[in-house]
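Following our numbering, the numbering of the sequence shown begins with 122 at its first residue and continues without gaps. Glycine included, each C-beta is placed from N, C-alpha and C at the ideal position. Note that the structure is a prediction, hence the values are computed from the model and not measured.
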Amino acid sequence: MAVLSTLKQETIITSLLYLCIYYIGLIVYRLFFSPIANIPGPKLAAITSWVEVYWDVAKGGRFVFKIEEWHKKYGPIIRVSPTEVHIRDAEFYNELFNAKSKFNKLPQHVNRFAHPQALFDTIDYNHHRHRRAAVAPFFTRQKIIDFSSYTDSRINKLCTILETQYKGTGKVICLNDAWGAYVSDVLTWYICGLSYDFLDYPDFKSPFITAIQNLLHSFPFSTCFPNEVRGQIRRIVAGDNDANKYLQHRTVFHELLNSSLKSSELTEEVMQHEGQSFMGAGIDTTKTALTVGSFWILNKPGVKARLVEELVRAMPNPKNLLPLTELEKLPYLSAVVQESLRMSYGLSNRIQRTNPTGVIQYGKYIIPPGTEFSMSNYLQVTDPKIFPNPKEFLPERWLNSPVTATGRPLSMYLTVFGKGPRMCPGMNFSLAEMYLGLSGLFRLADLELYETDRSDVDMAGSFFVPLPKASSEGVRVIVK
């Protein structure tokens, strides 16, 4: 028995010794022999990916702020993990993510939201281009303009509820919930042809919107997406939808079935994943932009007064709201929409890619083929060289076709929808919701903030989208 015990101890010691040798060798390789060993940055991040885990999991989505801190210390290009290089350079962003870029997504991200077969999670550039072409007709500007009357009806309904149920009562409303209901009503009908009337829920609080919020803290989206979507797909495939309803409104499933995709890419599961993806990407980002914009309009009396003055002048009769194409011509409303988007960041996590065939060169540094590289919307739209006083809500910065010091239009640096071949296909749809939503609300309702400050909208952590402090009760208002 003593011999066996001794052998076990020796085996354990030998295993631990080999393990130590392996990890020492790995550390030495990562620090001195890795293809990106010459990239500046903290040594601990070069050694282990647990640095990211610590800041994002233990510290609540704060790795993006750590990266911002590292850039201030080490410069515009840094190593943020053993395998990833991060760049902060507003000019380089536009060069890197141009229309001709052919970058792949990271394979380990394909199943983050339980819809791996959707366009959003397509890894290969060529496959993504093929899939995107199938849904591109669904997001044309003309199609969104044609649909805008329905979007307009939803903001009218929201304002009617505020007028009849809340005005003068002192009852508190959470604008996060109100905007979530508005966006969800519009998007579920547009994407899937399903109407849930989220605006009819008491205080605009629906289980669906709550479930999406929970998703942002890592719950799989498939567990909260309505089961009716599969049924809707079956009805569309079978051709037995209510025909007169869909003569003017083809859903994303109609467009997919009408595309050149192979039958293997048109299964019920694939189309459900596509619907889920568009819903997940479209609801919370637009809701956040509307909420952030509303807070700042109400928090800055001068901004509110100027916006309302422009809206009243353009729409003297509040019962006759302008169509989308006319709203887009209002300069101050457009400035407010752009600044609301900038201050809400879009997707706040890093945009991580690989170049499978070529190198990425930044100054004297070479990023080899297949190496992970990334940039961040948050760091792009808060770059003080491009946006002075970047943490302040200043719609005036967008007036009179502004340009940067390099002579480029300022709009080139508003990257909340991404850039290049993988930029958000729903950009025009989100913009339509913003224009119609903000113009309708601030023309038809008079709101006042209730026990709310900027900590209720400032990003405290990045959970794919920016989230405020955990104790926030949202942007709360009363209707005067």
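- Here Asn470 carries a coil assignment [DSSP, helix/strand/coil].
- Taking C-beta atoms as the reference points, Leu279 and Tyr303 count as a pair closer than 7 Å.
- Distance from the CA of Gly401 to the CA of Ser305, rounded to the nearest whole angstrom, comes to 10 Å.
- Between Lys226 and Leu520, the alpha-carbon positions lie close to 36 Å from each other.
- Restricted to the stretch 135-169, the alpha helix (DSSP H) segments that are unbroken, complete and at least 4 residues in length are 164-168, listed in chain order.
- Take Met533, set aside five residues on each side of it, and the residues of its chain with a beta-carbon closer than 7 Å to its own are Asn215, in chain order.
- Fewer than three pairs of CB atoms, one per stretch, sit closer than 8 Å, so the stretch 510-529 makes no contact with the stretch 194-205.
- The three-state reading of DSSP puts Tyr287 in helix, counting H, G and I together.
- Of the candidates Thr406, Lys326, Pro228 and Tyr195, the residue whose Cα lies closest to the Cα of Phe584 is Thr406.
- Membership of Gly561 in the alpha helix (DSSP H) is indicated by the continuous run Met548 to Leu565.
- Between Gln501 and Thr536, the beta carbon gap of about 5 Å places them in contact (Cβ cut-off 8 Å).
- Between Ile276 and Gly561, the C-beta spacing is below 7 Å.
- Shown here for Ile244: same chain residues with a beta carbon closer than 7 Å to its own, the five before and five after excluded, namely Asn225, Lys226, Pro228 and Val231 in chain order.
- For Ser497, the enclosing beta strand (DSSP E) stretches over residues Glu493 to Ser497.
- Within the same chain, Cβ atoms closer than 6 Å to the Cβ of Ser222 are found at Gly541, the five residues on either side in sequence being excluded.
- Annotation for Ile199: the continuous beta strand (DSSP E) segment containing it runs Ile198 to Ser202.
- Comparing alpha carbon positions, the residue from Tyr556, Glu190, Asn498 and Phe494 closest to Gly479 is Phe494.
- Ile134 and Ile142 have their C-alpha atoms spaced approximately 12 Å apart.
- Of the residues assessed, Ser136 falls on the exposed side of the cut-off, its CB having fewer than 16 other CB atoms within 10 angstroms.
- Pairwise C-beta distances place the stretch 150-165 in contact with the stretch 185-195, as three or more of them are shorter than 8 Å.
- Here the C-alpha atom of Leu320 lies approximately 33 Å from the C-alpha atom of Arg183.
- Inter-residue distance for Ser155 and Ser465 is about 36 Å (C-alpha atoms, whole angstroms).
- Secondary structure of Ile244 (DSSP, three-state): coil.
- By the neighbour-count criterion, in which a residue is buried when 16 or more other Cβ atoms sit within 10 angstroms of its Cβ, Thr573 is buried.
- DSSP links Gln482 through a beta bridge to Ile487.
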